[in-house]
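Asker: Before I ask anything, here is the structure I am working with.
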């Protein structure tokens with residue numbers, strides 16, 4: 553009998569990974585991170601743990617140090633103090649691209665995409681860590697370069713199908729709306745086949761409908777691919793709906809940690825947000 | 206084109222759809238039946254594949270308790286599984302009811318309940334959610350089946366089952382009871398109900414389920430086959446929903462009868478690209494879809510530079526002249542005919558190619574009347590668009606055939622193969638209503654004898670449509686009989702004609718024309734096309750915030766006034782549009798303002814905008830409105846705007862208010 557190609561996709565089978573009630577091990581751990589710019593302490597002794605199969609949200613008021621903490625985790629900033637462990641291994645000294653190779657995928661708060669590139673090429677660029685060829689070979693586009701691209705195309709198509717962007721497959725990024733660009737940015741991060749996904753304020757600047765769409769996709773990534781997600785977000789409501797665990801940061805310090813229900817009634821959090 | 210007059214009974218090889226499926230598998234098992242783009246690559250199903258998939262799904266349903274004559278509901282986009290579910294259910298002797306994928310749960314509840322559905326086959330999570338929401342009110346439903354597992358990972362409801370799981374059950378059942386599917390097919394009779402197709406509800410409040418039997422569907426297919434250029438294994442693009450009777454007659458019935466190669470778009474959003482990729486040879490679209498195809502070109506032309514725009518304009522003008530000459534049977538001027546091949550090669554052919562219509566031999570429009578400008582647009586580039594007219598109740602009736610036909614008409618009456626009944630006969634009542642008899646005739650409304658009787662007068666079927674017969678034998682569609690309207694001055698006017706003409710403007714998306722026995726003149730409510738008007742406004746450096754703001758800008762009102770003035774010129778002076786207002790919100794099927802086929806719900810709209818309509822006829826200049834809106838997520842809100850009322854040129858001269 554005919555089997556639909558998409559039935560064979562890896563992510564379709566991975567759903568079992570997030571069965572409820574299963575205790576997951578810690579996949580990423582940040583211990584006692586401190587980061588200062590001159591005399592300003594952006595992050596002040598913050599620690600957090602992300603477990604496999606959960607969506608962890610980092611929230612806090614503007615300027616609380618959320619993005620700084622995330623940047624310390626993926627290596628864009630070098631904290632003066634503290635360590636980051638990924639799958640039990642200390643990665644504190646590794647540069648960002650090495651961390652990406654280990655499986656830390658991320659998206660950016662602003663839009664860091666190439667305007668003139670097509671959606672397909674942009675997502676393909678996320679595959680670079682899985683490609684064996686060097687830029688010189690790629691430049692001359694030898695037949696084996698073409699072959700390698702073909703090998704990666706199914707993964708890219710899988711992601712296109714997953715994020716429902718078939719209709720813009722060949723459009724240049726510059727022509728897309730903000731919401732769609734964000735989705736392409738997420739697609740590129742997924743192309744890395746990350747073991748953990750770091751999202752930096754993915755909902756910023758979106759309207760309600762776009763936010764709801766993206767929240768749905770984040771849940772799908774998590775449920776369908778079983779990828780744990782760390783999401784930095786300013787918008788409390790969205791986070792309360794999708795996160796399993798929330799870490800609240802204010803003035804660079806972790807002031808609360810717990811499930812959305814616990815955070816909602818936490819006095820410290822209410823004070824930080826309201827006053 | 207060859208017209209086979211007087212089709213004989215031998216031509217009809219099978220009397221039910223599943224028997225045709227069996228024939229296709231026996232005769233052309235290794236030939237392509239379905240194609241769909243999946244993960245960027247076109248995938249193919251042969252008739253052997255299709256037969257087996259339908260068979261195992263059908264047996265799976267039987268194993269789960271489906272009996273002959275019961276109903277299987279299907280809801281989803283046009284995908285292979287949608288068609289397979291049709292074949293499977295009909296193969297098991299059951300009937301099918303297919304729903305538009307964008308119905309609301311409450312609409313769906315009514316249809317599932319009224320059709321007595323026992324299985325609901327859903328495309329994906331979105332549709333499953335609708336079914337689960339109303340499941341408790343549907344005691345008959347045994348299982349809810351879905352074919353796209355995406356997002357379904359955490360659903361644990363015991364009534365849920367995957368399409369492939371049902372097929373697996375069917376495979377086991379087949380091993381234990383070989384030959385059951387084939388026996389069930391052999392038991393089928395042409396009088397069995399194949400499909401319940403619900404009316405869109407423009408005429409009454411609740412949709413009625415029209416019974417479409419196997420015989421009736423095949424009758425329509427054979428009628429069309431005699432009149433329209435078709436060949437076996439042509440590339441057919443399945444885009445209109447099978448929830449609409451037209452796709453039941455074309456994609457599902459003719460697809461099996463001819464057979465076609467059925468191509469399914471990757472996603473509804475990619476259909477324009479897909480038409481081109483498959484090189485579609487036959488397309489059946491609603492007039493709205495043809496309109497939107499032509500307006501994509503017009504909108505893109507607005508972005509072109511001066512040279513591009515003037516080349517396009519000239520080429521279209523010459524193409525239209527030549528097409529007009531060809532259709533009316535009196536050739537255009539020598540000059541036009543000499544330049545045309547060059548123009549075609551340089552401008553029109555590339556344009557046709559871009560639209561993906563290069564290989565199209567049978568483009569068909571049906572459903573409601575279409576503006577002549579749309580016809581000329583396609584005919585100018587050699588795409589010979591034809592109008593078709595028919596009714597869900599009695600099948601397809603007329604079609605444009607041959608080389609010469611008038612764009613104002615819906616063509617000639619078709620002929621019925623003797624196997625299906627007496628030849629088609631028709632007459633027009635004094636009220637203008639068309640009555641028809643012959644062919645397979647009307648099977649009735651499902652569980653609604655009262656409504657069925659209303660439609661039957663002796664042995665005639667009352668269509669409820671006003672049509673006129675021209676001397677050359679072509680039928681002209683005027684209006685629904687109930688919709689031809691008379692003004693208080695006694696003048697009769699065609700509201701649809703006005704609306705269709707206005708809608709062809711790239712700036713106007715929908716129009717409600719006003720005027721009845723209590724009103725002395727015709728006026729209109731306009732729903733502007735926010736995309737094209739927005740671009741037009743931006744080019745002039747005018748800033749706007751929201752849709753209500755845009756619609757009430759003075760420049761926009763002037764723009765629309767210009768469009769109405771143009772249409773007024775072709776109307777008799779008594780029935781011209783004198784005043785109009787731009788609506789402050791877009792009409793939306795979610796708010797019951799339009800039906801799912803995007804037809805206007807007139808009486809509902811007249812009630813909703815009652816205050817505005819009063820102001821138009823009282824001669825006021827503005828009217829403060831507050832329109833309730835229902836958002837997709839179920840919340841409701843209100844839009845407050847002062848709506849401006851504008852006089853057209855004709856309206857400035859008249860002073861009737």
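Residue numbers (my numbering), protein chains in the order written: chain H, 553 to 827; chain V, 206 to 862.
Using N, Cα and C, we set each Cβ at its ideal position, and we do this for glycine too.
Would you verify that the beta carbon of residue 660 of chain H is, or is not, closer than 9 angstroms to some beta carbon of chain V?
Answerer: For this step, residue 660 of chain H is matched to residue 108 along the first chain. It does not; no Cβ of chain V falls within 9 angstroms.
Asker: Would you call the CB atoms of residue 621 of chain V and residue 432 of chain V closer than 9 angstroms?
Answerer: For this step, residue 621 of chain V is matched to residue 416 along the second chain. For this step, residue 432 of chain V is matched to residue 227 along the second chain. No, Cβ-Cβ distance for residue 621 of chain V and residue 432 of chain V is not below 9 angstroms.
Asker: Exposed or buried, what is residue 614 of chain H when buried is set at 16 or more other beta-carbons lying within 10 Å of its beta-carbon?
Answerer: One-based indexing of the first chain puts residue 614 of chain H at position 62. With fewer than 16 Cβ atoms within 10 Å of its Cβ, residue 614 of chain H is classed as exposed.
Asker: Residue ranges of each beta strand (DSSP E) run of no fewer than 3 residues wholly in the stretch 622-697 of chain V, ordered along the chain?
Answerer: 630-633, 638-642, 665-674, 680-685, all fully within the stretch 622-697 of chain V.
Asker: Give the single residue among V:540, V:480, V:326 whose Cα lies nearest to the Cα of residue 247 of chain V.
Answerer: Along the second chain, read from residue 1 onward, the residue named residue 247 of chain V stands at position 42. The shortest C-alpha separation from residue 247 of chain V is found at V:480.
Asker: Return the Cβ separation of residue 303 of chain V and residue 448 of chain V in integer angstroms, given the expectation that the two are a contact with Cβ distance under 8 angstroms.
Answerer: Stepping through the second chain from its first residue, residue 303 of chain V is reached at position 98. Stepping through the second chain from its first residue, residue 448 of chain V is reached at position 243. Rounded, the Cβ-Cβ distance is 5 angstroms, consistent with contact.
Asker: Answer with yes or no whether the minimum CB distance from residue 843 of chain V to chain H is below 9 angstroms.
Answerer: Translated into positions along the second chain, residue 843 of chain V becomes position 638. Taking Cβ atoms only, chain H never reaches closer than 9 angstroms to residue 843 of chain V, which makes this a no.
Asker: At a CB-CB cut-off below 7 angstroms, which residues of chain V make contact with residue 775 of chain H?
Answerer: The residue labelled residue 775 of chain H in the question sits at position 223 within the first chain. Within chain V, the residues near residue 775 of chain H are 358, 359.
Asker: Shortest alpha-carbon distance to residue 786 of chain V belongs to which of V:798, V:633, V:309, V:828?
Answerer: Here residue 786 of chain V is taken as the residue at index 581 of the second chain, counted from 1. The shortest Cα separation from residue 786 of chain V among V:798, V:633, V:309, V:828 belongs to V:828.
Asker: So what does DSSP say about residue 831 of chain V, is it helix, strand or coil?
Answerer: Locating residue 831 of chain V in the second chain gives position 626, where the first residue counts as 1. If DSSP states are grouped into helix, strand and coil, residue 831 of chain V belongs with the strands.
Asker: The alpha helix (DSSP H) spanning residue 356 of chain V covers which residue range?
Answerer: One-based indexing of the second chain puts residue 356 of chain V at position 151. Counting along the chain, residue 356 of chain V falls outside any alpha helix (DSSP H), and DSSP gives it neither H nor E.
Asker: If you draw a straight line from the alpha carbon of residue 440 of chain V to that of residue 351 of chain V, how long is it in whole angstroms?
Answerer: The residue you call residue 440 of chain V lines up with position 235 of the second chain. The residue you call residue 351 of chain V lines up with position 146 of the second chain. Rounded to the nearest angstrom, the two C-alpha atoms are 28 angstroms apart.
Asker: Compare the C-alpha of residue 569 of chain V against each of V:339, V:695, V:487 and name the closest.
Answerer: In the second chain, residue 569 of chain V corresponds to position 364, counting from 1. Selected option, being the one with the closest Cα: V:487.
Asker: Under 9 angstroms between C-beta atoms, does residue 567 of chain H make it to chain V?
Answerer: Position 15 of the first chain holds residue 567 of chain H. With a pLDDT of 40 at residue 567 of chain H, under the threshold of 50, the modelled position of this residue cannot be trusted; read the value that follows with caution. Closer than 9 angstroms to some Cβ of chain V, the Cβ of residue 567 of chain H qualifies, so yes.
Asker: Can you tell which of V:798, V:595, V:664 has the C-alpha that lies nearest to the C-alpha of residue 616 of chain V?
Answerer: Indexing the second chain from 1 puts residue 616 of chain V at position 411. Ranking the options by Cα distance to residue 616 of chain V, first place goes to V:595.
Asker: Which word fits residue 519 of chain V, buried or exposed, when buried means at least 16 other C-beta atoms lie within 10 angstroms of its C-beta?
Answerer: On the second chain, residue 519 of chain V is found 314 positions in, with the first residue counted as 1. It is exposed - the Cβ of residue 519 of chain V has fewer than 16 other Cβ atoms within 10 Å.
Asker: Can you find a C-beta in chain H that's less than 9 angstroms from the C-beta of residue 211 of chain V?
Answerer: Looking up residue 211 of chain V in the second chain gives position 6. For residue 211 of chain V, the predicted structure reports a pLDDT of 39, less than 50, and the residue's modelled location is therefore unreliable. A value from the coordinates is still provided. Chain H, which has no Cβ nearer than 9 angstroms to the Cβ of residue 211 of chain V, makes this no.
Asker: Give, in chain order, every unbroken run of the alpha helix (DSSP H) that is at least 4 residues long and sits entirely within the stretch 431-503 of chain V.
Answerer: You should have 476-483.
Asker: Cβ atoms of residue 639 of chain H and residue 622 of chain H: under 9 angstroms apart, would you say?
Answerer: Numbered from its first residue, the first chain carries residue 622 of chain H at position 70. Numbered from its first residue, the first chain carries residue 639 of chain H at position 87. Not in contact: residue 622 of chain H and residue 639 of chain H (Cβ atoms no closer than 9 angstroms).
Asker: Report yes or no: is there a C-beta of chain H within less than 9 angstroms of the C-beta of residue 244 of chain V?
Answerer: Taking the second chain and counting its residues from 1, one reaches residue 244 of chain V at position 39. For residue 244 of chain V, the answer is yes, since a Cβ of chain H falls inside 9 angstroms of its Cβ.
Asker: Which of the three DSSP states, helix, strand or coil, is assigned to residue 616 of chain V?
Answerer: In the second chain, the residue the question calls residue 616 of chain V occupies position 411. In the structure shown, residue 616 of chain V sits in a strand (DSSP, three-state: E or B).
Asker: For residue 729 of chain V, does the three-state DSSP call read helix, strand or coil?
Answerer: On the second chain, position 524 is the one that residue 729 of chain V refers to. The answer is strand: DSSP assigns residue 729 of chain V an E or B state.
Asker: Hey, how far is the Cα of residue 224 of chain V from the Cα of residue 641 of chain V?
Answerer: Within the second chain, residue 224 of chain V is the residue found at index 19, counting from 1. Within the second chain, residue 641 of chain V is the residue found at index 436, counting from 1. In a straight line, the C-alpha of residue 224 of chain V is about 29 angstroms away from that of residue 641 of chain V.
Asker: Measuring only the C-alpha atoms, how far is residue 250 of chain V from residue 454 of chain V?
Answerer: Locating residue 250 of chain V in the second chain gives position 45, counting from the first residue. Locating residue 454 of chain V in the second chain gives position 249, counting from the first residue. Going from the Cα of residue 250 of chain V to the Cα of residue 454 of chain V covers about 21 angstroms.
Asker: Using 8 angstroms as the cut-off, can you tell me whether the stretch 712-721 of chain V makes contact with the stretch 729-746 of chain V, which would need three or more C-beta pairs spanning the two stretches below that distance?
Answerer: They touch, by the three-pair rule.
Asker: In whole angstroms, give me the CA-to-CA distance for residue 623 of chain V and residue 424 of chain V.
Answerer: Looking up residue 623 of chain V in the second chain gives position 418. Looking up residue 424 of chain V in the second chain gives position 219. Their Cα atoms are separated by approximately 10 angstroms.
Asker: For residue 213 of chain V, I'd like the list of residues in its chain whose CB is within less than 6 angstroms of its CB, leaving aside the five on either flank, ordered along the chain.
Answerer: In the second chain, the residue the question calls residue 213 of chain V occupies position 8. Confidence is the limiting factor: at residue 213 of chain V the pLDDT is only 48, short of 50, which leaves the residue's position unreliable, though a coordinate-based value still follows. If we look at residue 213 of chain V and ignore the five residues flanking it on each side, it has no Cβ neighbours.
Asker: Take the Cβ of residue 394 of chain V as the centre, count every other Cβ of all protein chains shown within 10 Å, and call the residue buried at 16 or more, exposed below.
Answerer: Residue numbering aside, residue 394 of chain V sits at position 189 when the second chain is read from its first letter. It counts as exposed.
Asker: Taking Cβ positions only, does residue 530 of chain H come closer than 9 angstroms to chain V?
Answerer: The structure shown does not extend to residue 530 of chain H, since chain H is modelled only from 553 to 827, so the question has no answer here.
Asker: So, residue 470 of chain V versus residue 283 of chain V, is the Cβ gap smaller than 9 angstroms?
Answerer: Numbered from its first residue, the second chain carries residue 470 of chain V at position 265. Numbered from its first residue, the second chain carries residue 283 of chain V at position 78. Yes, these two residues count as a Cβ contact at 9 angstroms.
Asker: With a threshold of 7 angstroms on Cβ separation, who are the neighbours of residue 814 of chain V within its own chain once the five nearest residues in sequence on each side are excluded?
Answerer: Counting from one through the second chain, the residue named residue 814 of chain V turns up at place 609. Contacts found: 730.
Asker: Is the stretch 378-397 of chain V in contact with the stretch 346-366 of chain V, if contact means three or more CB pairs nearer than 8 angstroms?
Answerer: No: fewer than three Cβ pairs fall under 8 angstroms.
Asker: What three-state label does DSSP hand residue 865 of chain V in the structure shown?
Answerer: A query on residue 865 of chain V cannot be resolved here, the shown segment of chain V reaching from 206 to 862 and no further.
Asker: Count the CB pairs spanning the stretch 720-727 of chain H and the stretch 664-674 of chain H that are closer than 8 angstroms, and state whether there are at least three.
Answerer: Verdict: yes, contact present.
Asker: Rounded to a whole number of angstroms, what is the C-alpha to C-alpha distance between residue 598 of chain H and residue 782 of chain H?
Answerer: Position 46 of the first chain holds residue 598 of chain H. Position 230 of the first chain holds residue 782 of chain H. Near 15 angstroms, if we compare the C-alpha coordinates of residue 782 of chain H and residue 598 of chain H.
Asker: Between which two residues does the beta strand (DSSP E) holding residue 316 of chain V run?
Answerer: In the second chain, the residue the question calls residue 316 of chain V occupies position 111. First-last for residue 316 of chain V: 310-319, but that is the alpha helix (DSSP H), not the beta strand (DSSP E).
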